[in-house]
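If you count by my numbering, then the sequence shown holds residues 36 to 291, one letter each, in order.
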Amino acid sequence: FEDLSDIKVLFVGAGEMIELCATHFAAKNPKAIAIANRTLERGEKLALRFGGEVMRLSDLPDRLHEFDAVVSCTASSLPIIGLGAVERALKKRRHRPIFMVDLAVPRDIEPEVKALGDVYLYTVDDLASVVQTAQAHRQAAVAQAEAIIDAGVQSFLHWMELRNPVPGALGGVVPLIQQLNAQTDEWRAAEIARAKKLLAKGEDVDAVLEALSRGLAQKMLHGTMAELRAGDAESRALTAQTVSRLFLRSQSKNSL
Numbered sequence: 036f037e038d039l040s041d042i043k044v045l046f047v048g049a050g051e052m053i054e055l056c057a058t059h060f061a062a063k064n065p066k067a068i069a070i071a072n073r074t075l076e077r078g079e080k081l082a083l084r085f086g087g088e089v090m091r092l093s094d095l096p097d098r099l100h101e102f103d104a105v106v107s108c109t110a111s112s113l114p115i116i117g118l119g120a121v122e123r124a125l126k127k128r129r130h131r132p133i134f135m136v137d138l139a140v141p142r143d144i145e146p147e148v149k150a151l152g153d154v155y156l157y158t159v160d161d162l163a164s165v166v167q168t169a170q171a172h173r174q175a176a177v178a179q180a181e182a183i184i185d186a187g188v189q190s191f192l193h194w195m196e197l198r199n200p201v202p203g204a205l206g207g208v209v210p211l212i213q214q215l216n217a218q219t220d221e222w223r224a225a226e227i228a229r230a231k232k233l234l235a236k237g238e239d240v241d242a243v244l245e246a247l248s249r250g251l252a253q254k255m256l257h258g259t260m261a262e263l264r265a266g267d268a269e270s271r272a273l274t275a276q277t278v279s280r281l282f283l284r285s286q287s288k289n290s291l
């Protein structure tokens, strides 16, 4: 659900997992929240925290039809939401769909419920598959980011090698190229580390790659920009000529 303002959510259980789920759902401002638990005391604490109501597990068969989404995670050794209870709930709802998530092991919701046409039931196995897919996607994105940076760095260094260096600068051409390699490797590592953190948080891949490329470009150009703003008018003009010769592609030549 993108908009929970008209959604009534039922949480079955009152353990740590349900508390985490309820925290997430409550932040989306659902129409109503209810906690069903074997002991009312624990359920009341969660219900009070999230502004919801509390009920006993024994009330589930008579109240299930009231809720659009059900998240269950108890320590029960047997299912507590059966096929018959869900069928009756759907009938009372005139077959308006119910979204159900079973996070319990063993399961709280009978597996046969998944076959009902108006129920969207997801289990731990389904969620594990989603997580694995997301992780694979993030790993592919990291590899893509690394490839982009490597290509950019190598292109930049190759381009610098083809320019005429200042004689004697930093002890000669080879030491200068070595220092450039070391500097760009440092930039690369920093940007990759930042991209991995963002991807691990679930940030949009395209946005992360865009930020990565911008960050690398800013690092490469920072020193040059600082030099262009430093010194007197004559030194700035000389720096501008050098930067123009080194960095700006000629309109009459193909880019390298």
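Quick reminder that beta carbons are idealized off the backbone N, C-alpha and C, glycines included.
Taking DSSP as the reference, what is the three-state secondary structure of Val140? coil
Could you tell me whether the Cβ atoms of Ile133 and Val154 are closer together than 7 angstroms? yes
For Asn64, does the three-state DSSP call read helix, strand or coil? coil
Chain-order list of residues whose beta-carbon lies under 6 angstroms from that of Leu45 (same chain, five-residue window excluded): Ala69, Phe102, Val105
Roughly how many angstroms lie between the CA atoms of Asn72 and Ser111, to the nearest whole one? 11 angstroms
Candidates Leu39, Lys232, Leu251: which alpha carbon is nearest Trp222's? Leu251
Extent of the continuous beta strand (DSSP E) to which Lys43 belongs: 43-47
Nearest-angstrom Cα distance between Arg249 and Glu88? 49 angstroms
Does Arg77 come out as helix, strand or coil in the three-state DSSP assignment? helix
Tell me whether the beta-carbon of Ala230 lies closer than 7 angstroms to the beta-carbon of Val243. yes
When burial is assigned at 16 or more other CB atoms within 10 Å of the CB, is Asp143 buried or exposed? buried
Decide if Asp137 is buried, meaning its Cβ has at least 16 other Cβ atoms within 10 Å, or exposed. buried
Select from Val47, Thr74, Leu39, Glu51 the residue whose C-alpha is nearest the C-alpha of Ala61. Leu39
Could you tell me the distance, in whole angstroms, from the CA atom of Gly206 to the CA atom of Asp239? Low confidence applies here, because Gly206 scores a pLDDT of 47, under 50, leaving its location unreliable; read the following figure in that light. Approximately 45 angstroms between the Cα atoms of the pair.
Collapsed DSSP secondary structure at Phe102 in the structure displayed: coil
Endpoints, the beta strand (DSSP E) within which Leu156 is located: 154-158
Quick check on DSSP: helix, strand or coil for Ile70? strand
Please report the distance separating the alpha-carbon of Ala268 from that of Leu234. 45 angstroms
For Leu84, tell me which candidate among Lys254, Gly119, Leu156, Leu55 has the shortest Cα-Cα distance. According to the sequence displayed, residue 84 carries Arg and not Leu. Of the listed residues, the one whose Cα sits closest to Arg84 is Leu55.
In terms of residues, what are the limits of the beta strand (DSSP E) holding Glu88? 88-91
Reduced DSSP secondary structure (H/G/I, E/B, other) of Ser107: strand
Are Gly78 and Ala49 close, meaning C-beta to C-beta below 7 angstroms? yes
Within its chain, find whatever has a CB closer than 8 angstroms to the CB of Gly86; leave out the 5 residues flanking it on each side and keep chain order. Ala61, Ile68
Selected residue, minimal CA-CA separation from Leu81, among Ile53, Ala150, Arg264, Ala246: Ile53
What does the Cβ neighbour count give for Val140, buried or exposed, with the cut at 16 atoms within 10 Å? exposed
Comparing alpha-carbon positions, which option in Arg131, Thr58, Cys108, Gly117 lies nearest Val159? Cys108
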